[in-house]
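Trainee: This is the structure I have questions about; it appears just below.
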Amino acid sequence: MQSARNILIFGLLISVLIRGFFISQSLHIADIYLLYNMGVSLFNGFNPYLKLDFYSYPPLAILIQTFSVFASPFVDQPFVVVSKFFPNFFDTLTGILIYKFLANSGTKPKNAAGWAVFYLLNPLSIIISSIHGQLEGIFLFFVVFSIYFLKKNYLLAGLIYGISIAIKPSPLILFPLFLFAEKINFKQKIYFCFLSVAPTLISVLPFLEDNSQKVISSILGYQGVFDMSYGAVLKGVWFSANENFDLPLIKDFASASRLLFLSAYITILLLFLGSKNFIKRCLAVILSYYIFTFGVSVQHLYWVLPLAILAKDRLVILYTFFASLAVLGFYLYLGPDILLGKLGSIEPLSPKYFPVYVLGNLVFWGFCVFWVVKIIKPQLEELKKFSLIRRKLTYFSLGIFLITFIIGIKVISEFFQLL
44 MQSARNILIF
54 GLLISVLIRG
64 FFISQSLHIA
74 DIYLLYNMGV
84 SLFNGFNPYL
94 KLDFYSYPPL
104 AILIQTFSVF
114 ASPFVDQPFV
124 VVSKFFPNFF
134 DTLTGILIYK
144 FLANSGTKPK
154 NAAGWAVFYL
164 LNPLSIIISS
174 IHGQLEGIFL
184 FFVVFSIYFL
194 KKNYLLAGLI
204 YGISIAIKPS
214 PLILFPLFLF
224 AEKINFKQKI
234 YFCFLSVAPT
244 LISVLPFLED
254 NSQKVISSIL
264 GYQGVFDMSY
274 GAVLKGVWFS
284 ANENFDLPLI
294 KDFASASRLL
304 FLSAYITILL
314 LFLGSKNFIK
324 RCLAVILSYY
334 IFTFGVSVQH
344 LYWVLPLAIL
354 AKDRLVILYT
364 FFASLAVLGF
374 YLYLGPDILL
384 GKLGSIEPLS
394 PKYFPVYVLG
404 NLVFWGFCVF
414 WVVKIIKPQL
424 EELKKFSLIR
434 RKLTYFSLGI
444 FLITFIIGIK
454 VISEFFQLL
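What follows is the structure in structure tokens.
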């Protein structure tokens, strides 16, 4: 036990040093600039959802940025440093929580500490939280925390899960899985739904007075960008042929991808219905999101990490490699100033990093396909054991998935005809 704690403490110290170094080299650019505008708007008494002309995060996230604006002069640190403190602080808490979760689940303490350190020192975690400064680390902590309480206190898990949604809407992707995670009665499900939305509803009420429709649209309207996964590959193919990123058929790709992901989601729900492996279900859904969704942003690649570690799925090691390659390709080609900060400068759109970006995303996408097939294959093999109604519904959803897949192929063929 003592050696496990020593491993964890050592990992924590190294993580703090690495993260602190990259935070100290940060520039006030890109998403940090947007976060600052959210915080300073509220700090100056304005409604950021009405004042700003870009999609904003839910109120809890804006309150964190407002506090960062307020605290910056008191701690004599620039906003970028204070703002980045929060996702990295919660990353650290997640690492500790992973250790506790695994140790309490029967994993040997040394192995639990090893998994926790793998998370703390993971390049995806460090890049997204310390270098980019995105808020994924904050809401992922509450997602992991809610899973920790899922079997102990279902309703408390719902409230904690609701806090994650109040920071970013992204955890909504797991809502149906949480709702049907345990064999509970209908009344408890209603309570869970209420607790899941309560933090967002309570925190957003003060902002709804003037123009509620615009506020809600600002929070929920963001659909992501096609910077990663197959969107990056298509972008690269189009740029090679036309020397611009004005990708055609964007609405068609977005619509087809939403249908594909929805049909895949329903199929996964039916395949895993009654399964006790909640985390595997979550992994399958998030990986399907990476595979089928057109609007995958760079920070989204971080979502799968803590869940895969909780599942002790060793494929997360390969995932880290391929995802990190795709992420580094993105920053080196499209956002080198975000990646390097004060450490140096590289001209964006440098041709030598173009293959890293495009091929890195292609390999990443292919690995996600391999991983999700590996996860759902055992469930497909159990199809004959399903009840008649469940088996028919599963076959029906698979049929719908194939139809939407054909629609997606049709859009891609139209895209290549335009080259």
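At position 132 of the sequence shown the residue is numbered 175 (the working numbering), and the sequence of numbers has no breaks. C-beta atoms are modelled at their ideal positions from N, C-alpha and C, and glycine is treated no differently.
With a CB to CB cut of under 7 Å and the five nearest residues on each side skipped, what residues in its chain are close to PHE335?
Mentor: If we look at PHE335 and ignore the five residues flanking it on each side, its Cβ neighbours are SER300, LEU303, PHE304 and ALA307.
Trainee: Going by beta-carbon coordinates alone, are THR310 and THR437 separated by less than 8 Å?
Mentor: Against a cut-off of 8 Å, the Cβ pair of THR437 and THR310 comes out as a contact.
Trainee: Could I get the ranges of all uninterrupted alpha helix (DSSP H) runs contained in the segment 86-139, with 4 residues as the minimum, in chain order?
Mentor: For the segment 86-139, whole alpha helix (DSSP H) runs of length 4 or above, ordered along the chain, are 91-94 and 102-118.
Trainee: Assess contact between the segment 352-367 and the segment 384-392, defined as three or more Cβ pairs (one per stretch) separated by less than 8 Å. Is contact present?
Mentor: Touching, no, given that fewer than three Cβ pairs across the two stretches are closer than 8 Å.
Trainee: For the segment 393-413 and the segment 287-298, state whether three or more C-beta atom pairs, one from each stretch, are separated by less than 8 Å.
Mentor: Contact fails: fewer than three Cβ-Cβ distances are below 8 Å.
Trainee: So, is ASP270 buried or exposed, given that buried needs 16 or more other C-beta atoms within 10 angstroms?
Mentor: So ASP270 ends up on the buried side.
Trainee: Do PRO91 and GLY246 have their beta-carbon atoms positioned less than 8 Å apart in this structure?
Mentor: The displayed chain sequence assigns Ser, not Gly, to residue 246. Against a cut-off of 8 Å, the Cβ pair of PRO91 and SER246 comes out as no contact.
Trainee: On the three-state DSSP scale, how would you describe PHE288?
Mentor: Note: PHE288 maps to coil in three-state DSSP.
Trainee: Pull up the CB-CB distance for ILE418 and LEU316, whole angstroms please, since I reckon it's below 8 Å.
Mentor: Not really, about 15 Å apart at Cβ, beyond 8 Å.
Trainee: Would you kindly check if the distance between the Cβ of GLY201 and the Cβ of SER255 is under 8 Å?
Mentor: Not in contact: SER255 and GLY201 (Cβ atoms no closer than 8 Å).
Trainee: Kindly indicate which three-state DSSP category ILE540 falls into: helix, strand or coil?
Mentor: This structure does not reach residue 540, given that the chain is present from 44 up to 462, and the question cannot be answered.
Trainee: So ILE169 packs on PRO212, CB below 8 Å; how close in whole Å?
Mentor: Going by Cβ atoms, the distance from ILE169 to PRO212 rounds to 24 Å, so no, they are not a contact pair.
Trainee: Tell me the DSSP secondary structure of PHE192 in three-state form.
Mentor: In the structure shown, PHE192 sits in coil (DSSP, three-state: anything other than H, G, I, E or B).
Trainee: Just curious, the alpha helix (DSSP H) that ASN154 is in, first and last residue?
Mentor: 152-163 is the span of the alpha helix (DSSP H), which, as asked, contains ASN154.
Trainee: Per DSSP, what kind of secondary structure is GLY149 in: helix, strand or coil?
Mentor: It is coil, neither helix nor strand.
Trainee: In terms of residues, what are the limits of the alpha helix (DSSP H) holding ILE259?
Mentor: Its alpha helix (DSSP H) spans residues 255-263.
Trainee: Roughly how many angstroms lie between the CA atoms of LEU136 and VAL186, to the nearest whole one?
Mentor: Answer to the nearest angstrom: the Cα atoms are 12 Å apart.
Trainee: Just to confirm, are TYR400 and GLY442 a CB contact at a threshold of 8 Å?
Mentor: Not in contact: TYR400 and GLY442 (Cβ atoms no closer than 8 Å).
Trainee: How is LYS143 classed by DSSP in three states: helix, strand or coil?
Mentor: LYS143: helix per DSSP, three-state reduction.
Trainee: Work out the CA separation of PHE184 and PRO349 for me, nearest whole Å.
Mentor: Looking at the two C-alpha atoms, the distance is approximately 9 Å.
Trainee: Is the number of C-beta pairs between the segment 192-206 and the segment 127-147 that are closer than 8 Å three or more?
Mentor: As far as the Cβ criterion goes, the segment 192-206 does not touch the segment 127-147, which means the pair count is below three.
Trainee: Measure the Cβ-Cβ separation of PHE129 and ILE181 and say whether it is below 8 Å.
Mentor: Cβ distance < 8 Å, so PHE129 and ILE181 count as in contact.
Trainee: Among the residues of its own chain, which have a CB less than 6 Å from the CB of GLN68, if the five just before and after it don't count?
Mentor: The answer, listed in chain order, is GLY384, LYS385 and LEU386.
Trainee: Please list, in chain order, all residues of the same chain as ALA275 whose beta carbon is under 6 Å from its beta carbon, the five residues on each side excluded.
Mentor: So the list reads ASN404, once near-sequence residues are dropped.
Trainee: Taking Cβ to Cβ, would you say ASP74 is nearer than 8 Å to GLY205?
Mentor: No, Cβ-Cβ distance for ASP74 and GLY205 is not below 8 Å.
Trainee: Nearest to ILE21 by CA position, among VAL268, LYS151 and LEU164, is which residue?
Mentor: This structure leaves residue 21 out entirely; the chain is present only between 44 and 462.
Trainee: Suppose contacts are defined by Cβ-Cβ distances below 8 Å. Is ILE329 in contact with ILE216 by that definition?
Mentor: Yes, these two residues count as a Cβ contact at 8 Å.
Trainee: For GLU425, count neighbouring Cβ atoms within 10 angstroms of its own Cβ and tell me buried if that reaches 16, exposed if not.
Mentor: Classification for GLU425: exposed.
Trainee: For GLY279 and ASN49, I'd like the C-alpha separation in whole angstroms.
Mentor: Going by the C-alpha atoms only, they are around 46 Å apart.
Trainee: Could you name the residues of the same chain whose beta carbon sits closer than 7 Å to that of PHE250, not counting the 5 residues immediately before and after it, in chain order?
Mentor: For PHE250, where only same-chain residues beyond five positions count, the Cβ hits under 7 Å are ASN90, TYR92, PRO102 and VAL258.
Trainee: Put LYS226 into one of helix, strand or coil per three-state DSSP.
Mentor: Coil, per DSSP.
Trainee: Looking only at its chain, what residues have a beta carbon closer than 7 Å to the beta carbon of LYS94, apart from the 5 residues adjacent to it on each side?
Mentor: For LYS94, where only same-chain residues beyond five positions count, the Cβ hits under 7 Å are SER84.
Trainee: Measure the alpha-carbon distance for ILE171 versus LYS323 and round it to whole angstroms.
Mentor: C-alpha separation (whole angstroms): 23 Å.
Trainee: Rounded to a whole number of angstroms, what is the C-alpha to C-alpha distance between PRO214 and LYS355?
Mentor: Spanning the two alpha carbons is a distance of roughly 21 Å.
Trainee: In the DSSP assignment, the alpha helix (DSSP H) including GLN460 goes from what residue to what residue?
Mentor: Element bounds for GLN460: 431-460.
Trainee: Tell me the DSSP secondary structure of ALA351 in three-state form.
Mentor: Helix, per DSSP.
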